[in-house]
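Only one structure is covered here, and it is reproduced in the block below.
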Amino acid sequence: SWFDAWQAKATVAGALVKMAHSRGDVLLHESSYIAAVFSPKRRVALEMIDIFVEDFKASAPIWKYDLKNGERLYAEDRSTPIKGSGLLKGDS
């Protein structure tokens with residue numbers, strides 16, 4: 001799994017990675033996620049936590065939504081495409 005791969009990277013660096021993520025609705029200004037890297041070397045921990053958090057944000061299967069009047073309004077449903085955005089298509 002994604003987290004197992006991170007634990008293997010940490011082991012190679014002589015570190016340990018821990019994390020927890022909430023389940024269900026998370027209201028505004030509530031914490032939903034905590035992560036830590038333990039290492040006897042401060043630099044290893046600081047560099048690894050930075051990369052870990054960015055990778056988590058890019059890889060986590062999280063669906064963002066707002067709660068309005070008890071209903072979930074997903075970001076995808078309330079967004080509009082920006083002109084010129086999207087995937088580039090190569091010549092076929």
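First residue of the sequence shown: 1, per our numbering; consecutive thereafter. Cβ coordinates follow ideal geometry from the N, Cα and C atoms, glycine included.
So what's residue i in DSSP terms, helix, strand or just coil?
i	result
R23	coil
S92	Bear in mind that the predicted position of S92 carries a pLDDT of just 49, short of 50, making it too unreliable to give a figure here.
E71	strand
L28	coil
K9	helix
A36	strand
K41	coil
Which same chain residues end up closer than 8 Å to residue i when comparing Cβ atoms and leaving out the 5 residues on each side of it in sequence?
i	result
I5	Per the sequence presented here, residue 5 reads as Ala, with Ile not at that position. So no residue of the chain qualifies.
M48	K9, A10, A13, A15, V17, V37 and S39
Apart from the five residues just before and just after residue i, which ones in its own chain have a Cβ nearer than 6 Å to its Cβ?
i	result
A36	K18
V44	A13 and A15
R72	Y65
Who are the near neighbours of residue i in its chain, counting only those whose CB is closer than 7 Å to its CB and skipping five residues on each side?
i	result
W2	S59
D25	L67
E30	none
Q7	V17
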